[in-house]
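1 is the number of the first residue of the sequence shown in the working numbering; add one for each residue after it.
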Amino acid sequence: MAAEDSLSSPGLDRVAGEKFLQEAFQIMLEEGIRKGMDASEKVCIWKEPEELQRILDLNLKDSGEPHERLLERCRDVIRYSVKTCHPRFCNQLFSGLDPHALAGRMITEMLNTSQYTYEIAPVFVLMEEVVLKKLQKLVGWEKESGYFQGLVFFYKFFRGDICLTKLCLQSLLEKQNKGTIFSQRIRATTAPGELVP
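Now the structure itself:
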């Protein structure tokens, strides 16, 4: 019976969690978006590292902090961060705020899924396929497959896997049961000009 009860109710207080999120979202909306997009506000309240460390008190604690203190920390993170959505913030890579993209990022974070198989992320996998088909069409590829790769490590891993697969197939075709499959030393390129034996 105890196991059944623990499975039928969440480990967190749902009402308190919703209240915290509503208050945190209100802080994000007011401090991060409204003030962040207001040209009369500063792009950043600049502090030197030592002073900012003292203000924020980033030392790890042995116990949790109350609801109100966590909300204050949310305010502080926004207050002392660069507001990239500010009209006077300019960067060669990004600037401004797209509310639609922000909503999409919040939904993605809220769902907290891995997004690499249909079984765990059906909607995101289908969205990825549609975007990949459009990109392939733009560059003139037909009947190609692909995937998005966010982490450099995995990109290098898959690139190495593709190279090894090609090498194995070539070697098998050349040797055709005439001894060892790999007569050459295998190398993989991991960065421009960098070879790993």
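Glycine included, every Cβ here is placed at the ideal spot set by N, Cα and C. Note that this is a predicted model, so its numbers are computed, not measured.
Does the Cβ-Cβ distance between residue i and residue j come in under 7 Å?
i: I27; j: R75; result: yes
i: G17; j: H86; result: no
i: E31; j: I78; result: yes
i: E23; j: L71; result: yes
i: F25; j: H67; result: no
Which residues in the same chain have their Cβ closer than 6 Å to the Cβ of residue i, if we skip the five residues on either side of it in sequence?
i: Q115; result: A121, F124
i: D62; result: none
Considering Cα atoms alone, identify which of the options is closest to residue i.
i: I55; options: D38, S63, P66, S81; result: S81
i: T84; options: I33, G140, G64, L29; result: I33
i: G53; options: V131, A39, R73; result: Before going further, note that residue 53 is Gln rather than Gly in the sequence given. For the residues V131, A39, R73, the minimum Cα distance to Q53 belongs to R73.
i: G96; options: A39, D13, L126; result: A39
i: L102; options: D13, L29, V15, R14; result: L29
Could you name the residues of the same chain whose beta carbon sits closer than 7 Å to that of residue i, not counting the 5 residues immediately before and after it, in chain order?
i: L93; result: none
Spatial neighbours of residue i within its chain, please: C-beta separation below 8 Å, excluding the five flanking residues on both sides.
i: A2; result: Bear in mind that a pLDDT of 49 at A2, under 50, signals an unreliable position, so the model cannot answer this.
i: P49; result: none
i: T113; result: I120, A121, F124
Any contact of the stretch 101–118 with the stretch 35–44, i.e. 3+ C-beta pairs under 8 Å? Contact fails: fewer than three Cβ-Cβ distances are below 8 Å.
Which full runs of the alpha helix (DSSP H) of 4+ residues lie inside the stretch 75–143, going along the chain? Runs of the alpha helix (DSSP H) inside the stretch 75–143: 99–111, 122–139.
Report the residue ranges of all alpha helix (DSSP H) runs contained in full by the stretch 29–74; include only those spanning at least 4 residues, in chain order. Taking 4 residues as the shortest admissible run, the stretch 29–74 contains the following complete alpha helix (DSSP H) segments, listed from N- to C-terminal end: 49–56.
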